[in-house]
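Visitor: For the sequence shown, our numbering assigns the number 1154 to the last residue and increments by one with no breaks.
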Amino acid sequence: MIRSMDVRKRGNKLGFWFFRTALKLTGLSGAYGLLYIVCLYYLLFDRTAVSASMAYVNRRFKGFSSVRKYQAVYRLFISQGRSLIDRYYVVSGLGRFDIELRGYDRIKRLLDDSKKGIILLTAHVGNWQVTMTALEKLGKTVYLLMSPEENAAVKESLNIDSGNEKVKIISPDNFLGGVIEIMKAIDEGSIVSIMGDRSYGHSTSEVVLLGDRAYFPQSAFSIAAAAGCPVVVLLSAKVSTRKYFLDVSHVMEPRYSSRVKKKEEMEGFIQEYAGVLEDYSAEYPYQWFLFHDIWKGEN
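(1) Starting from D1148, trace the beta strand (DSSP E) both ways and give me its first and last residue.
(2) Three or more C-beta pairs closer than 8 Å, one from the stretch 1139-1150 and one from the stretch 1069-1077: is that the case here?
(3) How about A1082 and I933: do their beta carbons lie closer than 9 Å?
(4) If you follow the beta strand (DSSP E) that L956 is in, where does it begin and where does it stop?
(5) C981 and K1118: beta carbons closer than 9 Å?
(6) Which term fits S969, buried or exposed, when burial requires 16 or more other beta carbons within 10 angstroms of its beta carbon?
(7) Check E1061 in the structure and name its three-state DSSP category.
(8) Is the beta carbon of F1057 less than 9 Å from the beta carbon of P1027?
(9) Return the bridge partner residues of A1092 from the DSSP annotation.
(10) What three-state label does DSSP hand V945 in the structure shown?
(11) Residue range of the beta strand (DSSP E) that Y998 falls in?
(12) Answer yes if the stretch 1046-1060 comes into contact with the stretch 903-920, meaning at least three C-beta pairs across the two stretches below 8 Å, and no otherwise.
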C-alpha cells in the first residue's frame, strides 16, 4: 500500500509502540483484536477516510443499505490494519507467513528466456510487500517505483524504503518520472514494480470498472511497450491468519501494431488489467485498499 489514506497522516509512534507491544505479548491474534476499537474510532470520527472508502464501497456493494455500506467500510479498515500489522510482523523479524505462489514457473521462464527484465504491476490489494518475499528465489533485484514515505512513524515502524541489495527504490519525483532509471533496470534484467490502480497525477486511460467509468495510469504499459518487456500482474490476498496467496500468472505483452492503433490498443491492455482487478475484488472484496475515488479522474 503506497500513499493510501495519506491525506491526513494516520499513525504515530505511540500507536505503533502499542501494536508492537501487543504483538510481542499476545501475538497476531491479540494485535488484530485491538483493531476493532481503533477502526471503530476512524469509522466514527475520520470523515475523510470514510468518504475515500465509499467511492469503492458504493460500486462494489451496490445493493447494500447505508448501514451495510458503513459496515463494509469498517471491515475494510480492519482488513487494512491487519495488513499493516502483518508487514511489521515480517520486517521486524517476529515471524513469517506461509505463501502459496501461483505462476512462479511462468515468470521464471520469462526472465530466463530474455536478457530483459519485467514490469511487475501491483495494486493496493492484499499485502504485496509481504508476499513479494516469495519472489526472492528468482535472484533478481527488485526496484520499487514509489515516493519516499513522508510519515516518519510509518517509515520507522514498517521499514519502508529502507533499501538493501535486492530491493531498491526509484522515485517518481526523479527526472522524467524515473523513466530513465526504470529502462536501465529493465535492460539489466531486473524487476521493476509499478503501482497500477492510481495515477498520482500522471496520464490515464478511461476504463470500465465495477460498472462505471474509472481512470487508470498508462505508465506501466507505455514503458513496457518501449522497453519490449512483459507486464506481470501481481495479486495477493490474506486467506487465513498465517497464510497468503501470491498470483503472478497473468502476463501481458504490450505492443502496438501501428501508430494509428496505439491509443486503442493501449486502452485494451489497461482495460484487461482493470478486469483482472474487478475479478479479484469479487473474490476478495475487503482486500482492495484503494481509498481514493479513481472514478473522478483526479488521481
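Cβ atoms here follow ideal geometry from the backbone N, Cα and C, with glycine treated the same way.
All values reported here derive from a predicted model rather than from experimental measurement.
Guide: In this structure, then:
(1) Neither: D1148 is in no beta strand (DSSP E) and is coded neither H nor E.
(2) yes
(3) no
(4) D953 to R957
(5) Per the sequence shown, residue 981 should be read as Gly rather than Cys. No, the pair does not count as a contact, with Cβ atoms beyond the cut-off.
(6) exposed
(7) strand
(8) Before going on, a small fix: residue 1057 reads as His here, not Phe. Contact: yes.
(9) F1100
(10) helix
(11) V997 to L1000
(12) no
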